[in-house]
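All remarks here apply to the structure that follows.
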Amino acid sequence: MAQPRLITGYLSALSAQLPAPVVAELADGLYETHLHYLRQGLDPDAAARAAVAEFGEPSLVIAGYAAVSPARRVARRLMATGPLVGACWVTALITGRAWAWPVQPAVFLLAGVVLLASIGLIVSAVAGPGYRSVVRAGLAGCAGVTALDAFLVVAVPLTAPAISWITSLALAASLTRLMFSARSLRWCLADAAFNLR
Amino acid sequence: MRGEELKGHLDAMLLAALEGGPRHGYAVIDALRQSTGGKLDLPTGTIYPALRRLEQAGLITGSWSVVAGRRRRDYELTPAGRQALSGRRADWRDFSAMVTAALEGSPWPSPA
Numbered sequence: 001m002a003q004p005r006l007i008t009g010y011l012s013a014l015s016a017q018l019p020a021p022v023v024a025e026l027a028d029g030l031y032e033t034h035l036h037y038l039r040q041g042l043d044p045d046a047a048a049r050a051a052v053a054e055f056g057e058p059s060l061v062i063a064g065y066a067a068v069s070p071a072r073r074v075a076r077r078l079m080a081t082g083p084l085v086g087a088c089w090v091t092a093l094i095t096g097r098a099w100a101w102p103v104q105p106a107v108f109l110l111a112g113v114v115l116l117a118s119i120g121l122i123v124s125a126v127a128g129p130g131y132r133s134v135v136r137a138g139l140a141g142c143a144g145v146t147a148l149d150a151f152l153v154v155a156v157p158l159t160a161p162a163i164s165w166i167t168s169l170a171l172a173a174s175l176t177r178l179m180f181s182a183r184s185l186r187w188c189l190a191d192a193a194f195n196l197r
Numbered sequence: 198m199r200g201e202e203l204k205g206h207l208d209a210m211l212l213a214a215l216e217g218g219p220r221h222g223y224a225v226i227d228a229l230r231q232s233t234g235g236k237l238d239l240p241t242g243t244i245y246p247a248l249r250r251l252e253q254a255g256l257i258t259g260s261w262s263v264v265a266g267r268r269r270r271d272y273e274l275t276p277a278g279r280q281a282l283s284g285r286r287a288d289w290r291d292f293s294a295m296v297t298a299a300l301e302g303s304p305w306p307s308p309a
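Sequence order for the protein chains is A and B.
Numbering-wise (our numbering), the first sequence opens with residue 1 and increments by one.
Numbering-wise (our numbering), the second sequence opens with residue 198 and increments by one.
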């Protein structure tokens with residue numbers, strides 16, 4: 001049976017943001033809802049209007065999937081733990097007089113840029129309404145934080161003249177976050193695998 | 198009942214709708230509507246992300262089938278989902294008894 005244009009348009013709006021298996025499931029539900037109203041005696045167009053109204057705005061459905069995406073979960077956790085890890089590193093770098101270490105200023109600058117970009121991406125993944133943008137921003141933010149943690153864990157013990165207790169604490173925080181990032185990647189890959197089915 | 202009021206209870210209601218056996222998304226919504234006497238007032242499209250969340254949490258499991266040429270995802274409770282439903286039911290009974298006692302001035306039911 002040919003579907004009314006309203007239904008195909010609704011599904012197109014969902015397809016622009018959501019993975020194909022998710023849209024296939026929603027399409028099945030929307031067709032069933034349409035059939036339900038047809039059985040109640042509505043003509044096809046009226047039944048399509050009722051079905052679409054019952055489903056809710058596409059943006060609402062997309063925001064629902066964005067809210068449950070592993071990328072947002074990861075971004076939320078990074079946002080919650082970021083200030084603590086950051087505070088440890090700021091204290092460690094200031095008390096260790098990091099500006100006197102044999103490090104090119106460009107390295108500090110690059111690390112700062114990666115940090116700011118990662119924060120922006122994580123905030124966007126936590127607050128953004130679009131599914132695809134949340135997934136991309138969450139993964140990119142997680143990658144940025146992982147790169148920073150890996151850099152700090154490797155570079156600081158090699159560069160710092162001494163490792164204070166606060167530097168040890170900061171290193172432990174970064175190592176813990178690296179392990180979390182590896183686990184997060186597994187969640188995101190599991191979600192990606194679902195979306196390819 | 199409005200969506201805001203349902204928040205926090207939706208997961209338990211979805212688990213309860215799957216207690217009788219596997220159901221696809223629309224059938225879950227239909228079962229919820231019937232069990233609530235049509236008072237459930239949520240955009241149908243928002244139920245699907247909630248099912249996805251429960252699946253990610255390991256409380257339900259989904260499998261694909263093809264019906265009338267359309268892909269359909271059927272869900273069923275996992276053992277962890279049954280356990281969670283049982284816990285939510287007990288919590289709800291306690292909570293509703295407490296609120297009823299407070300609102301209606303009736304004494305808190307003593308354990309038998």
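Don't be surprised by glycine CBs; every beta carbon is placed ideally from N, CA and C.
Under the three-state reduction of DSSP output, A:I163 falls in the coil class, being neither helix nor strand. For A:R72, the enclosing alpha helix (DSSP H) begins and ends at 70-95. Beta-carbon to beta-carbon, A:A20 and A:C188 are separated by about 18 Å, too far to satisfy the 8 Å threshold. Under the Cβ distance rule, A:T33 counts among the residues neighbouring chain B, one pair being separated by less than 8 Å.
Inclusion of A:A117 and A:G128 in the CB contact set at 8 Å is not warranted, their separation being larger than that value.
In terms of beta-carbon proximity, B:P240 lines the interface with chain A, with at least one pair separated by less than 8 Å. Chain B places no beta carbon closer than 8 Å to that of A:G9, leaving this residue out of the contacts. Selection A:D43, A:I166, A:V52, A:L42 evaluated against A:T8 yields A:V52 as nearest (Cα-Cα).
Burial is judged here by how many other beta carbons sit within 10 angstroms of a residue's own beta carbon; A:I94 has fewer than 16 and is exposed. Proximity of A:G41 to chain B, defined by a Cβ-Cβ separation below 8 Å, is not satisfied. Chain order gives the chain A residues near B:G222 as E25, L26, D28, G29, E32, where near means a beta carbon separation below 9 Å. In the DSSP assignment, the residues bridged to B:G259 are B:Y272.
Taken through DSSP and simplified to helix, strand or coil, B:V296 comes out as helix. Residues I163, L171 of the same chain have their beta carbon placed closer than 8 Å to that of A:P157, with the five preceding and five following residues left out of the count. Here A:H34 carries a helix assignment [DSSP, helix/strand/coil]. Between A:L11 and A:R49, the C-beta spacing is not below 8 Å.
The alpha-carbon of B:A294 is positioned some 14 Å away from that of B:R285. When 7 Å is used as the limit between beta carbons, B:P219 is near no residue of chain A, the shortest such separation being about 14 Å.
Membership of B:G222 in the alpha helix (DSSP H) is indicated by the continuous run 222-232. Just so you know, the alpha carbons of A:V126 and A:G41 end up roughly 44 Å apart. In terms of Cβ geometry, A:T33 and A:E54 form a close pair [threshold 8 Å]. Excluding sequence positions up to five before and after A:R39, its CB lies less than 6 Å from no other CB in the same chain.
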